[in-house]
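Residue numbers (the working numbering): 204 to 334.
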């Protein structure tokens with residue numbers, strides 16, 4: 204079995220007057236492709252757990268993008284569009300997978316989306332159900 208692996212995690216506070224930018228994700232964790240495996244395998248955070256469980260089960264992972272920032276204001280539109288664009292583009296290359304392991308925090312708000320996680324899930328479902 205082969206699964207795509209990715210995620211975008213941000214806990215947004217809509218009362219915070221400042222936007223979360225790409226720099227906030229760079230200061231948290233921002234990884235692409237095989238670097239996600241190299242950075243996270245054997246670690247004690249959730250992505251490491253996904254990777255270790257996949258290894259134990261003999262599941263091959265196709266890592267896409269993982270972006271995690273500390274709690275802050277809503278993601279600005281440029282950052283949200285960049286991160287989701289990277290995710291969707293990399294998922295397109297993973298079309299031969301059997302499924303997707305996707306980390307989403309559940310409390311993100313973006314300047315251009317009040318339900319970013321719902322939007323991401325719908326687009327991933329639409330994109331991957333073609334295959």
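By construction, the Cβ of each residue, glycine as well, lies at the ideal position given by its N, Cα and C atoms.
### Of the listed residues 204, 238, 225, 275, nearest to residue 258 (C-alpha basis)
204
### Message
Between the alpha carbons of residue 312 and residue 226, how many angstroms are there, rounded?
### Response
17 angstroms
### Task
Pick helix, strand or coil for residue 263, following the three-state DSSP scheme.
strand
### Identity of the residue in 250, 245, 223, 246 nearest residue 235 by Cα
250
### Message
Under 8 angstroms: do the stretch 236–248 and the stretch 322–334 share three or more Cβ pairs, one atom per stretch?
### Response
no
### Sub-8 angstroms separation of residue 321 and residue 271 beta-carbons
no
### Query
Any idea which residues DSSP pairs residue 205 with across the strands?
263
### Task
Keeping to the same chain, check which residues put their C-beta closer than 6 angstroms to that of residue 273; ignore five residues upstream and five downstream.
231
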